[in-house]
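Enquirer:
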Amino acid sequence: MTLSAQITLGSGSTDVGVAPISTYYGYSYVQQIFTKQEINANAAGNITGLKFYIDPSMSISNSSQWVVYLGLTNKTSFSSDSDWIPGAQLTQVFSGTVSNNNGVIEVVFPTPFAYNNTSNLVIAAEENSAGYDNNDYDEAMYVYNGAQNSTIYYKDDYTNPDPASPPATGNLVNYKSVVTFEGLSSNPVPACPIVTYPANNATFIPLTPTITWNNTAGATSYKVSIGTSPGGTSIANQVSVTTNSYTPSAALAPNTTHYVKIVAVGSGGESSGCTEQMFTTAPPPPANDECATAITIPVNPNLNCGTVTAGYTIGATDSGTAPSPCYGQADDDVWFKFVATATTHKISLLNITSVGSTAGDT
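If you're matching positions, the sequence shown starts at 0 in numbering that gives the first Met the number 0 and goes up one per residue.
Right, here's the structure in full:
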């Protein structure tokens, strides 16, 4: 039996997004950049088709009119929401009706596309059906986390974008299609994994984080190194795992910068040149977590409020004393106090920013 050459990126992810097209809007145009390092082909070759992935139960009956383009580029990402790759630099490789065949949408090219294995690759696709598919009120195409600004897209229920003259403003996202490149052979030495959590330079990371990365084509295992200095391994020294996640065996030190590197291992050896990412753990639980340890804040003499007191709720607990009415689901709180200098006072919360792992962390 002979298996045709192919390379799959993002396998295993069931996250959904607007790539290669939008199923939840009437029209869409999407460009994605896949780097040479990520594709990791063994040699130059002809791409004969693409496979995209979707839940087998999802409908694309109103999102099935596709035109697909490929191109070569030196770009590794899009620099702005108007940084479309010109249509003149793209080659149309498919135009027609596609279908969901048990979770696979295959696009076969009438004429193969020559990939030189030195440039990065652009996949662009437009969807021209006027209707949309209401799959649980969401997008349906499988995507995986990629490098920052890997994808630019435009979607609209009324305006059908023209790839020859893309909209002035699109949307940038950090994900890409789960995709198979048919016709290319994978390098036996796997590519470096892309760490998806924590993000590089992230702050306020929990002390027991689960570090995750993308599956790498051809990888049979991964080696995880974590330390508190560049190149350090004091927390994990090339720990071998067979999944795409790792949780340190002990809680990390609070308010400390950590460095993580993931290396993929395959039949041809280990990926080389993999870069470290860094993140900083959350500070200790707030000192003013309970009423008894409330922080005293000064009372400003006027509304200029020249003196402010910083604080955070990361690591705080719920004291169970939320005043009524208090809307929402309270799960933590911190305490402040002041000595009144008048019969009424104005209290303001300024520059509230989410800095944790979820939108409600501040």
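In this text, a Cβ means the ideal position worked out from N, Cα and C, and glycines have one as well.
Just so we're clear, the structure is a prediction, and the values are computed from it rather than from any experiment.
Who are N45's beta bridge partners in DSSP?
Expert: In DSSP, N45 forms a bridge with A113.
Enquirer: Could you confirm whether any beta carbon from chain D is found closer than 9 Å to the beta carbon of A315?
Expert: Of the protein chains in the structure, only one exists, and it is not chain D.
Enquirer: Taking the continuous alpha helix (DSSP H) assigned at I210, which residues delimit it?
Expert: No alpha helix (DSSP H) contains I210, which is instead part of the beta strand (DSSP E) from 210–212.
Enquirer: CA-CA distance, S62 and N127?
Expert: Cα to Cα, S62 sits roughly 7 Å from N127.
Enquirer: Take W83 as the anchor and find which of S176, S164, T312 has the nearest alpha-carbon.
Expert: When only C-alpha atoms are compared, the closest one is S164.
Enquirer: Can you tell which of L206, S233, V240 has the C-alpha that lies nearest to the C-alpha of T219?
Expert: That would be V240, whose Cα lies nearest to the Cα of T219.
Enquirer: I need the DSSP call for E181, collapsed to helix, strand or coil.
Expert: Note: E181 maps to strand in three-state DSSP.
Enquirer: Between the Cα of E138 and those of G16, N213, S60, spot the shortest distance and give me the residue it belongs to.
Expert: The shortest C-alpha separation from E138 is found at G16.
Enquirer: Report the three-state DSSP secondary structure of Q30 (helix, strand or coil).
Expert: Strand, per DSSP.
Enquirer: Alpha carbon to alpha carbon, what distance is there between V172 and K260?
Expert: Using only the alpha carbons, I get a separation of about 23 Å.
Enquirer: Name the two residues that bound the continuous alpha helix (DSSP H) containing I38.
Expert: Run containing I38: 35–38, per the alpha helix (DSSP H) assignment.
Enquirer: Note down, in chain order, each residue of its chain lying with its Cβ closer than 6 Å to the Cβ of V238, except the 5 sequence neighbours on either side.
Expert: Cβ within range, chain order: V223.
Enquirer: Tell me the DSSP secondary structure of A291 in three-state form.
Expert: A291: helix per DSSP, three-state reduction.
Enquirer: Roughly how many whole angstroms lie between the Cα atoms of W65 and P322?
Expert: W65 and P322: Cα-Cα distance of roughly 55 Å.
Enquirer: Just list the residues that DSSP pairs G265 with in beta bridges.
Expert: A218, G268, per the DSSP bridge assignment.
Enquirer: Within this structure, are the beta carbons of I32 and T75 separated by less than 9 Å?
Expert: Yes, Cβ-Cβ distance for I32 and T75 is below 9 Å.
Enquirer: Would you list the one or two residues that DSSP bridges to Q88?
Expert: Paired residue(s): none; Q88 is not in a bridge.
Enquirer: If distances are taken between C-alpha atoms only, which option among T242, H344, G44 comes closest to V262?
Expert: Taking only the C-alpha atoms, the option nearest V262 is T242.
Enquirer: In whole angstroms, what separates the C-alpha of L120 from that of P187?
Expert: The alpha-carbon atoms of L120 and P187 are separated by roughly 20 Å.
Enquirer: How about V103 and Y52: are their beta carbons less than 9 Å apart?
Expert: Yes, these two residues count as a Cβ contact at 9 Å.
Enquirer: Following a CB-centred definition, is S318 positioned closer than 8 Å to any heavy atom of the ligand MN?
Expert: This structure lacks the ligand MN, and indeed carries no ligand of any kind.
Enquirer: Leaving out five residues before and five after L348 in sequence, what residues of the same chain have Cβ atoms less than 7 Å from its Cβ?
Expert: If we look at L348 and ignore the five residues flanking it on each side, it has no Cβ neighbours.
Enquirer: How many Å lie between G95 and V106 at the Cα?
Expert: Computed Cα separation, rounded: 9 Å.
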